[in-house]
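Peer 1: Sending over a structure as structure tokens; questions will come in a sec.
In my numbering, the protein residues as written are 14 to 152.
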């Protein structure tokens, strides 16, 4: 079952079935949704918000897995191809990109390292997006 997720306006993130175009589910992001990323395996959805929060959900049941505090409005999100790292880009004075540990197995308890910052990348010149190559290297 292939899905696409759209954000906003407001707090809603809506999932649609790509084959039929039917609306499947709506997830409430907690604050105005500003960015979203779907994991390569399609099992995880990360939603960033204007209040600096990032929420990670399982797509099968729209269950909230955990939240991260990015500290500034989130403008972009991207999962690493292995689904264990999420990179956020925020609108702060340094336009900081941060790599977060978001590895977990759906249906299992969260590991203690879930939500930990792995590394931050300040980019005072500004950035508009995030990308990983096929080997999972961040650019």
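All C-beta atoms in this analysis are idealised placements derived from N, C-alpha and C, irrespective of residue type, glycine included.
For residue 36, which residues in the same chain have their Cβ closer than 7 Å to its Cβ, ignoring the five residues on either side in sequence?
Peer 2: Walking along the chain shown from the start, residue 36 turns up at place 23. If we look at residue 36 and ignore the five residues flanking it on each side, its Cβ neighbours are 27, 29.
Peer 1: Assuming residue 114 is part of the beta strand (DSSP E), what are its boundary residues?
Peer 2: Against the chain shown, residue 114 aligns to sequence position 101. 110-114 is the span of the beta strand (DSSP E), which, as asked, contains residue 114.
Peer 1: Just the Cα atoms here: how many angstroms apart are residue 78 and residue 138?
Peer 2: As a working mapping, residue 78 is identified with position 65 in the chain shown. As a working mapping, residue 138 is identified with position 125 in the chain shown. About 33 Å.
Peer 1: When the Cβ atoms of the region 90-108 are set against those of the region 119-126, are three or more pairs found closer than 8 Å?
Peer 2: The region 90-108 vs the region 119-126: no contact.
Peer 1: Report the option in 136, 110, 72 whose CA atom is closest to the CA atom of residue 145.
Peer 2: Counting from one through the chain shown, the residue named residue 145 turns up at place 132. It is 110 whose Cα lies nearest to the Cα of residue 145.
Peer 1: Mapping the DSSP letters down to three states, classify residue 129 as helix, strand or coil.
Peer 2: If you number the chain shown from 1, residue 129 lands on position 116. The answer is coil: DSSP assigns residue 129 none of H, G, I, E or B.
Peer 1: I think residue 25 touches residue 46, with their Cβ atoms under 8 Å apart; what is that distance to the nearest whole Å?
Peer 2: In the chain shown, counting from the first residue as 1, residue 25 sits at position 12. In the chain shown, counting from the first residue as 1, residue 46 sits at position 33. Right, the Cβ-Cβ distance comes to about 7 Å (below 8 Å), so this counts as a contact.
Peer 1: Apply the 10 Å Cβ neighbour rule to residue 129 and answer buried if 16 or more other Cβ atoms are within range, or exposed otherwise.
Peer 2: By 1-based counting over the chain shown, the position of residue 129 is 116. The residue in question, residue 129, is exposed, as its Cβ has fewer than 16 Cβ neighbours within 10 Å.
Peer 1: Looking at the unbroken beta strand (DSSP E) that takes in residue 29, where does it start and where does it end?
Peer 2: What you label residue 29 is simply residue 16 of the chain shown in a count that begins at 1. Looking at the DSSP string, the run of the beta strand (DSSP E) that includes residue 29 is 25-30.
Peer 1: Please classify residue 33 as buried or exposed, where buried requires at least 16 neighbouring CB atoms within 10 angstroms.
Peer 2: Looking up residue 33 in the chain shown gives position 20. Exposed.
Peer 1: Note down the Cα distance separating residue 76 from residue 82, rounded to an integer number of angstroms.
Peer 2: If you number the chain shown from 1, residue 76 lands on position 63. If you number the chain shown from 1, residue 82 lands on position 69. Roughly 18 Å separates the two Cα atoms.
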